[in-house]
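Working notes for the structure below.
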Amino acid sequence: MNDTTDPRPGDPFGDVLGANATYADSFVDTGRPGVAGSGLAVLTCMDSRISPLEMLGLVPGDAKILRNAGARVTDDVLRTLVLATYLLGVQRVLVLAHTDCGMTKSTDADVHAKVLAQGVDTRSIDFRTISDQEATLVHDVQRIRSWPFLPPRMPVAGGVYDVRTGRIRIVVDADSPAEDTPAPPAAR
């Protein structure tokens, strides 16, 4: 079957379900448990140019991957990290923003206006756009470090992945003291 051919015309998921059928035909269950084999959790952006496992030299089962718009530390990310830490073997966290991120190119007001132009009022949503990527990254790393439900000395670092070179530049080292981190950026 050709992966670009929709085996079920009119089905909006026919292409991916067809590709899954091909994948499943040669799938072998390795029996690997659902824990993070390397003890790592990675929070990164939902940008489709990012392949978290590949860019870190990992394979499926090595890490817990969390993704959202802008790689932001939200309440749900914190909840997920608690589960990952105490139930799924996570012992360290890497927060990875990236270059050319759409969340750095607009304000919340811009996003609301664009969506409103399509007939939907989203003003009750905080999109967490980013005016200063490095300051936001520092703030978000500190948010994980100070979350009372996570181990106080758990290594947490933050970096920026370059979508053009594939390299990661660390902005917040895992061993930098919490008191060295600047205040969060002002809301836009």
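Counting in the numbering used here, the sequence shown runs from 403 upward without gaps. Backbone N, C-alpha and C fix where the C-beta goes; we use that ideal spot for every residue, glycine too. These figures come from a predicted structure and were not determined experimentally.
Assigned secondary structure, residue 419 (DSSP; H/G/I helix, E/B strand, else coil): Here DSSP, grouped into helix, strand and coil, assigns residue 419 to helix.
Cβ-based neighbour list, residue 491, same chain, cut-off 8 Å, excluding 5 preceding and 5 following: In its chain, beyond the 5 residues on either side, 437, 438, 439 and 441 have a beta carbon closer than 8 Å to the beta carbon of residue 491.
Opposing strand residues paired with residue 503 [DSSP bridges]: Residue pairing by DSSP places residue 503 opposite no residue, since no beta bridge is assigned to it.
Residue environment, residue 522, which counts as buried when at least 16 other CB atoms sit within 10 Å: Burial check for residue 522: the Cβ neighbour count within 10 Å stays below 16, so the residue is exposed.
Where residue 589 sits in the DSSP three-state scheme: Residue confidence for residue 589 is low, a pLDDT of 47 falling below 50, so the modelled location carries little weight; the figure read from the coordinates is stated next. Residue state, collapsed to three classes: coil.
Proximity to residue 547 [Cα-Cα], best of 416, 495, 453 and 514: Comparing Cα positions, the closest option is 495.
Proximity winner among 462, 529, 561 and 455, relative to residue 432 (alpha-carbon distances): Nearest option by C-alpha distance: 462.
CA-to-CA distance, residue 514 to residue 504, given in whole angstroms: Distance between the alpha carbons of residue 504 and residue 514 is about 14 Å.
Where residue 489 falls: helix, strand or coil (DSSP): Here residue 489 carries a helix assignment [DSSP, helix/strand/coil].
Segment contact, 8 Å Cβ cut-off, at least three pairs: the region 470 to 480 with the region 523 to 532: Yes: at least three Cβ pairs fall under 8 Å.
Beta carbon of residue 421 nearer than 8 Å to that of residue 444: For residue 421 and residue 444, no; Cβs fall outside 8 Å.
Residue range of the unbroken beta strand (DSSP E) whose run includes residue 574: Residues 570 to 574.
Candidates 557, 434 and 453, of which the one nearest residue 574 by Cα: Selected option, being the one with the closest Cα: 557.
Top-ranked residue by Cα proximity to residue 542, from 499, 569, 506 and 508: Considering only alpha carbons, the answer is 499.
Min CB distance residue 487 to chain E below 8 Å: Among the chains in the structure shown there is no chain E, since it carries only a single protein chain.
Separation of residue 544 from residue 551, as counted between CA atoms: Residue 551 and residue 544 have their alpha carbons spaced roughly 14 Å apart.
Cβ-Cβ separation, residue 560 to residue 479 (assumed contact under 8 Å), whole Å: A Cβ-Cβ distance of about 13 Å is found for the pair residue 479 and residue 560, leaving them out of contact under the 8 Å criterion.
For residue 528 and residue 512, the rounded distance between their alpha carbons: Those two C-alpha atoms are separated by around 12 Å.
Contact belief for residue 448 with residue 563 at Cβ below 8 Å, rounded distance in angstroms: Residue 448 to residue 563, Cβ: 13 Å. No contact.
Contact under 8 Å by Cβ, residue 565 with residue 506: In this structure, residue 506 does not lie closer than 8 Å to residue 565 by Cβ.
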